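To keep things clear, I will list the structure first and then write my remarks on it.
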Amino acid sequence: MPKTSAAPSGPFVEVTTKLYIHLPPCFATKPIEGIQEQLNGFLMRYMPQVDGVVLAHSDLEILQTSGRIMFDSPYCHFYITVKLLVWKPVKGSILSGTINLQSPDHIGMLLYGTFNASIPSEFIPKDKYEFNPNSSYSHVKQTGEEEDSSASIGLMSGEWVLKNTGESIGHEGIIEFEVSELVRTNDMLTVTGSLMKVPVMTRRASMMIKSPSATDSSDKKRSAPEEDGAAGSQADSDLKRIKKEKKKKEGKEDKKEKKEKKEKKEKKDK
C-alpha cells in the first residue's frame with residue numbers, strides 16, 4: 001500500500017509505494033534499466049494505486065535478491081519499492097487555473113499548463129456572474145491548436161462577467177476555484193471546479209474515502225502471511241495466463257499439423 005512521506009500542503013505529494021514487476025528476459029543482465037523503463041510508462045498517467053497522476057519517480061529499491069520465473073514464462077517476477085511524485089488534488093481544496101475556453105455551459109481551464117479542469121455553469125453563481133455573448137476575451141491556445149502556438153494568445157467571443165461591473169471573470173485570465181469533483185477516465189484525471197462553496201459533509205466524505213492515512217493504518221496491520229498471500233494470488237494469476245497462452249499455442253500447432261497432413265494426402269491421391 002502507498003505511504004505518503006509527509007502531510008500534503010498542496011496537490012503535489014511524494015508517495016512511497018510497493019509494486020510487482022514483470023521483467024522481460026532482455027533486461028536479465030540490466031534489471032535497473034528494465035525497471036526504469038516500466039516506471040517511465042506510468043509518467044503523466046493516472047495510477048489507481050496512488051490515486052493520482054505520476055509526474056516523476058526516484059529512490060528505486062529491489063526488495064528481493066532473486067525473482068520468480070514460473071513454468072515456461074521467460075519473465076522474472078519480483079517486488080520493488082519506489083518513491084513517486086504524484087499530482088492528487090482533493091475535493092474541497094482551492095486551485096488556480098488559466099482560462100482557455102468560455103461558453104454558456106462552462107468555463108474551461110488549464111492547471112499548471114498541463115491538466116484540464118472545468119467549471120460547469122451550475123457551479124457559477126448567477127446572482128454574481130452572467131455570460132455576455134457579445135464580449136471578447138484573450139484565449140490561451142493549447143499545444144496542437146495551431147502550429148508553434150503552445151503559449152499563443154487568440155481572441156474568443158463570449159465570456160463570463162461580473163453582473164455589477166461587467167468586468168471579466170477572474171484576474172488577468174487566472175481564476176481561483178474550489179474542487180468539487182475528480183473525474184477519472186482511463187489514464188487521465190480531470191478536475192471539476194466550483195465558484196460556490198462545496199458542502200462540508202460532501203467534502204469530508206470524499207476525504208474519508210480517499211484519505212492516505214486510512215490506507216496507511218491498514219497497511220501497518222498487514223502481516224507477512226497476508227503479503228505472501230498477495231504474492232501467491234499474483235502467481236496464480238500469472239500461471240492461469242501462461243496456461244491459456246500455452247493451450248492457444250498448442251491449438252495453433254495442431255491445426256497446422258492437420259493442414260500439412262491433409263495437403264500431403266491430397267498430393268499422394270493425385
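Each residue of the sequence shown is one higher than the one before, counting from 1 in the UniProt record's numbering.
Idealized CB from N, CA, C, for every residue including glycine.
Here the structure is a predicted model, which means the values were calculated and not measured.
- Message: For a test of the three-state rule: what should DSSP assign to GLY34, helix, strand or coil?
- Response: In this structure, GLY34 counts as helix in the three-state DSSP scheme.
- Task: Could you check what DSSP says for PHE123 in three-state terms: helix, strand or coil?
- Result: helix
- Query: Among the residues of its own chain, which have a CB less than 7 Å from the CB of PRO22, if the five just before and after it don't count?
  - Reply: It is worth fixing the name first, because residue 22 is His in this sequence and not Pro. Correct list, in chain order: TYR75, HIS77.
- Message: Quick check on this structure: which residue in SER103, LEU195, LYS256 has the alpha carbon closest to the alpha carbon of PRO125?
- Response: LEU195
- Query: What's the C-alpha gap between LYS18 and LEU60?
  - Reply: 10 Å
- Task: Would you mind listing the beta strand (DSSP E) stretches within the region 49 to 94 that are 3+ residues and don't spill past its ends, in chain order?
- Result: 52 to 62, 76 to 87, all fully within the region 49 to 94.
- Among VAL90, THR114, SER93, which one has its Cα closest to the Cα of ASN100? THR114
- Rounded Cβ spacing between VAL86 and GLY34 (contact assumed at less than 8 Å): That belief does not hold up - the Cβ atoms of VAL86 and GLY34 are roughly 23 Å apart, past 8 Å.
- Message: Tell me the rounded alpha-carbon separation between PRO48 and MET188.
- Response: 11 Å
- Message: Using a Cβ-Cβ cutoff of less than 8 Å, which residues in the same chain neighbour ASP228 once the five nearest sequence positions on both sides are dropped?
- Response: Confidence at ASP228 is low in this model, with a pLDDT of 46, below 50, so the placement of that residue is unreliable and no value is reported for it.
- Message: Just to confirm my understanding: we take ASP269, look at its own chain, exclude 5 residues before and 5 after, and list those with CB closer than 8 Å. What are they?
- Response: In its own chain, leaving out the 5 sequence neighbours on each side, no residue places its CB closer than 8 Å to the CB of ASP269.
- Message: Quick check on the DSSP output: the beta strand (DSSP E) that includes LYS18 runs from which residue to which?
- Response: 12 to 23
- Item | Environment of PHE177 [buried if 16+ CB atoms lie within 10 Å] | buried
- Query: Taking THR165 as the reference, which of TYR129, LYS262, THR192 has the closest Cα?
  - Reply: TYR129
- Message: Considering Cα atoms alone, identify which of LEU55, LEU63, ARG68, ARG45 is closest to ALA28.
- Response: ARG68
- VAL161 to ILE169 span [Cα, whole Å]: Going by the C-alpha atoms only, they are around 5 Å apart.
- Message: Can you list, in chain order, the residues of its chain with a C-beta nearer than 6 Å to that of ASP105? Leave out the 5 residues immediately preceding and following it.
- Response: SER121
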